[in-house]
Amino acid sequence: MSKRLISGADQVLENVLENVLIFLTSRRDRNAVSLVCKSWCRAEAHTRSDLFIGNCYAVAPRRVTDRFKRLRSVYLKGKPRFADFSLMPADWGAHFTPWVYVMAGAYRALEKISLKRMLVTDDDLAVIAKSFKGFKELVLVCCEGFGARGLGVIATECRNLRVLELNEDEVLEDEFDWISCFPSDCTTSLESLCFDCLESPVNFEALEKLVARSPLLKKLRLNRHVSIQQLYRLTSLAPQLTDLGTGAFGLQDIIDPQQPAYQEPDHGHTFAACKSIVCLSGFRDLAHEYLPAIFPICANLTSLNLSYAHVDAQQLKSVIRHCHKLRIFWTLDSICDEGLQAVANACTDLRELRVFPTDPSENAEGPVSETGLLAVSLGCRKLQSILYFCQQMTNAAVIAMSNNCPDLEVFRLCIIGRYRPDWVTGQPMDEGFGAIVKNCKKLTRLAVSGLLTDRAFSYIGQYGKLVRTLSVAFAADGDTGLKYVLEGCTNLQKLEIRDSPFGDSGLQSGLHHFYNMRFVWLSSCRVTKQGCLEVARRLPKLVVEVFRRDEEDGGERGDFVNTLYMYRSLDGPRADAPQFVKIL
177 MSKRLISGAD
187 QVLENVLENV
197 LIFLTSRRDR
207 NAVSLVCKSW
217 CRAEAHTRSD
227 LFIGNCYAVA
237 PRRVTDRFKR
247 LRSVYLKGKP
257 RFADFSLMPA
267 DWGAHFTPWV
277 YVMAGAYRAL
287 EKISLKRMLV
297 TDDDLAVIAK
307 SFKGFKELVL
317 VCCEGFGARG
327 LGVIATECRN
337 LRVLELNEDE
347 VLEDEFDWIS
357 CFPSDCTTSL
367 ESLCFDCLES
377 PVNFEALEKL
387 VARSPLLKKL
397 RLNRHVSIQQ
407 LYRLTSLAPQ
417 LTDLGTGAFG
427 LQDIIDPQQP
437 AYQEPDHGHT
447 FAACKSIVCL
457 SGFRDLAHEY
467 LPAIFPICAN
477 LTSLNLSYAH
487 VDAQQLKSVI
497 RHCHKLRIFW
507 TLDSICDEGL
517 QAVANACTDL
527 RELRVFPTDP
537 SENAEGPVSE
547 TGLLAVSLGC
557 RKLQSILYFC
567 QQMTNAAVIA
577 MSNNCPDLEV
587 FRLCIIGRYR
597 PDWVTGQPMD
607 EGFGAIVKNC
617 KKLTRLAVSG
627 LLTDRAFSYI
637 GQYGKLVRTL
647 SVAFAADGDT
657 GLKYVLEGCT
667 NLQKLEIRDS
677 PFGDSGLQSG
687 LHHFYNMRFV
697 WLSSCRVTKQ
707 GCLEVARRLP
717 KLVVEVFRRD
727 EEDGGERGDF
737 VNTLYMYRSL
747 DGPRADAPQF
757 VKIL
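Numbering (my numbering), first residue to last: 177 to 760.
Set out below in structure tokens:
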């Protein structure tokens with residue numbers, strides 16, 4: 177009798193806990209709750225509707241479906257970030273197929289799937305379309321393997337579709353008219369449609385009709401085959417847009433402006449009617465004479481992405497001086513230091529800045545430098561995130577940024593040339609990065625470059641207690657620097673290192689911490705196969721992969737492995753490893 181009473185009391189407490197947990201949305205908070213005891217773990221699993229998995233090989237699909245029964249949304253990541261820089265073979269893995277088939281049998285009510293760096297086939301998309309009857313959102317970021325036919329199945333079958341976003345994907349060219357597959361007999365539920373990464377043209381007539389019957393559409397990002405004339409027609413149909421990717425933003429051959437019947441539309445008037453636009457991107461083939469057309473909406477913009485537009489400082493100034501509400505700004509370094517000074521003067525509320533290189537080669541003449549970084553730090557003191565590619569830098573400028581922007585959470589400084597010191601003093605960049613980790617108390621992501629010694633890594637280990645992601649390229653003296661990081665950065669989750677002199681001793685200094693990390697990546701370093709085997713022997717639940725970058729490399733450089741990729745897994749080594757991957 178007493179056991180029944182205890183069991184009944186536990187059930188009551190579990191029911192109460194479930195009613196509380198439905199209001200808990202933070203992933204980290206939910207993970208902490210699930211570790212309290214078995215009862216709390218069950219309650220958390222019963223109430224979880226959104227699931228994030230940072231590594232598709234960290235857990236088997238069947239284990240996920242056995243634990244979580246009521247998922248509505250799944251976010252799944254595949255390859256690590258260095259795959260974006262051609263540092264990982266294309267056929268390494270990260271297949272979505274085993275996941276989608278297991279989920280199809282377990283989550284009939286699934287509404288949203290987000291995938292990043294995954295291999296997705298047309299068949300996978302067909303399973304999604306035909307298995308989840310109320311499916312609403314598909315977001316694919318840096319994915320590959322699928323084509324327009326797969327998109328056509330999604331458009332045809334998912335009649336409740338609200339979001340279809342393709343971001344930086346490599347889509348197979350099969351010349352299939354997927355835009356025409358959306359139902360034509362009724363208004364749609366579309367709120368977001370993004371296909372700016374597609375290299376092939378779309379059926380514009382079908383796109384125009386789709387936009388016309390999508391009254392809820394708020395986000396529309398077009399590819400380079402949509403001209404400014406066509407953009408004019410689309411924006412006229414959708415004045416409710418808040419996020420617009422402009423496509424080419426230039427004339428194309430579909431209309432000859434020299435023809436007598438041709439009359440240039442008033443593009444400025446078009447944008448003036450779109451007062452709701454706050455996010456603007458695109459400009460894939462920018463005709464600079466049309467840039468003034470966006471002036472009417474600049475005052476409302478909170479996000480502006482010019483990372484595909486080759487504009488100079490003067491052209492930028494004409495735009496940026498109107499953008500006083502801007503919080504996110506992405507650009508090419510073609511704007512030069514002068515352009516960054518204009519950003520600093522106009523955008524005092526800026527929170528995120530990314531400056532990408534026009535020419536990423538080591539010997540290129542860099543148009544941005546410490547002058548631009550210093551200007552930004554003085555004018556944009558609310559900055560929280562910065563990615564800055566340059567060819568030269570000084571400790572003084574980085575130190576000034578640490579003092580002027582103490583709220584920085586992300587600091588990624590990429591000095592493109594290898595082992596480049598402070599170009600004024602000739603000293604290593606140790607003190608600059610040391611100041612960042614000392615003064616920016618909220619820092620969670622750091623990328624370091626330039627000439628660095630072990631002192632820089634001692635600063636990172638001593639002060640970077642909240643750093644979760646650390647990226648290192650062409651840096652450090654030896655193993656001591658890696659030891660400082662692995663022993664000091666207690667919250668480190670992701671460590672990615674390339675072309676640095678770290679070896680077995682430095683690697684094995686992290687044995688106490690590797691189980692707590694999502695992954696460790698080392699390429700072109702000085703770790704040996706024997707050193708990797710020792711890690712695998714001492715940490716049997718850690719998957720240790722060794723592989724080469726291409727067929728000609730042979731997998732090793734003398735005694736040193738080419739690439740080491742380690743990650744924690746609840747279900748052991750994967751079964752789909754290709755031949756060039758050795759799991760130790």
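Think of the CB as a built atom: it goes at the ideal place given N, C-alpha and C, for glycine as much as any other residue.
Just so it is clear, the structure is predicted and the values come from calculations on it, not from any experiment.
Under the rule that 16 or more other beta-carbon atoms within 10 Å means buried, what is residue i, buried or exposed?
| i | result |
| --- | --- |
| C708 | buried |
| Y741 | buried |
| C362 | exposed |
| I404 | buried |
| E541 | exposed |
| F228 | exposed |
| Q755 | exposed |
| A765 | Nothing can be reported for residue 765: it is not among the residues displayed for the chain, which extend from 177 to 760. |
| L746 | exposed |
| Y233 | buried |
| P716 | exposed |
| Q416 | exposed |
| E344 | exposed |
| D260 | exposed |
| C318 | buried |
| V757 | buried |
| T507 | buried |
| T422 | buried |
| V212 | exposed |
| K618 | exposed |
List the endpoints of the continuous beta strand (DSSP E) containing residue i.
| i | result |
| --- | --- |
| W506 | 504-508 |
| R744 | 739-744 |
| R674 | 670-674 |
| F358 | No beta strand (DSSP E) contains F358, which DSSP labels as neither H nor E. |
| R530 | 528-532 |
| I591 | 586-591 |
| F565 | 561-566 |
Do residue i and residue j have their C-beta atoms closer together than 8 Å?
| i | j | result |
| --- | --- | --- |
| Y743 | V719 | yes |
| E320 | E346 | yes |
| R409 | S483 | no |
| M605 | N579 | no |
| A285 | G310 | yes |
| S412 | L392 | no |
| K614 | D583 | no |
| R588 | L627 | no |
| L398 | L456 | no |
| D699 | T739 | In the sequence as displayed, the identity of residue 699 is Ser instead of Asp. Result yes, Cβ atoms of S699 and T739 sit closer than 8 Å. |
| V329 | A305 | yes |
| H498 | A475 | yes |
| L658 | S685 | yes |
| E287 | E313 | yes |
| T534 | D509 | yes |
| A611 | I636 | no |
Would you mind reading off the limits of the alpha helix (DSSP H) that contains residue i?
| i | result |
| --- | --- |
| F471 | 471-474 |
| V574 | 571-580 |
| T297 | No alpha helix (DSSP H) holds T297; DSSP gives it neither H nor E. |
| E663 | 655-664 |
| T704 | T704 -> no alpha helix (DSSP H), and no H or E assigned at all. |
| A208 | 203-210 |
Would residue i count as contacting chain B if we go by Cβ distances under 8 Å?
| i | result |
| --- | --- |
| C566 | Although the question refers to chain B, the structure presented lacks it and comprises just one protein chain. |
Could you tell me how far apart the beta carbons of residue i and residue j are, in whole angstroms, since I believe they sit closer than 8 Å?
| i | j | result |
| --- | --- | --- |
| L764 | T223 | Residue 764 is absent from the structure shown; the chain starts at 177 and stops at 760. |
| F380 | F425 | Not quite, the Cβ-Cβ distance comes to about 15 Å (not below 8 Å), so this is no contact. |
| E546 | A573 | 4 Å |
| G664 | Q638 | 6 Å |
| F565 | F532 | 6 Å |
| E585 | S561 | 6 Å |
| L383 | L342 | The Cβ separation is near 14 Å, so there is no contact. |
| D655 | G679 | 6 Å |
Going by DSSP, what residues sit across from residue i in a beta bridge?
| i | result |
| --- | --- |
| H271 | L295 |
| G323 | L348 |
| G421 | R397, S457 |
| V315 | S290, E341 |
| R621 | V586, T645 |
| Y251 | F228, S290 |
| S479 | C455, I504 |
| V722 | L740, K758 |
| V696 | L671, M742 |
When you measure from the CB of residue i to every non-hydrogen atom of the ligand SAH, does any distance come out below 7 Å?
| i | result |
| --- | --- |
| S537 | Questions concerning the ligand SAH fall outside what the structure shown contains, since it holds no ligand whatsoever. |
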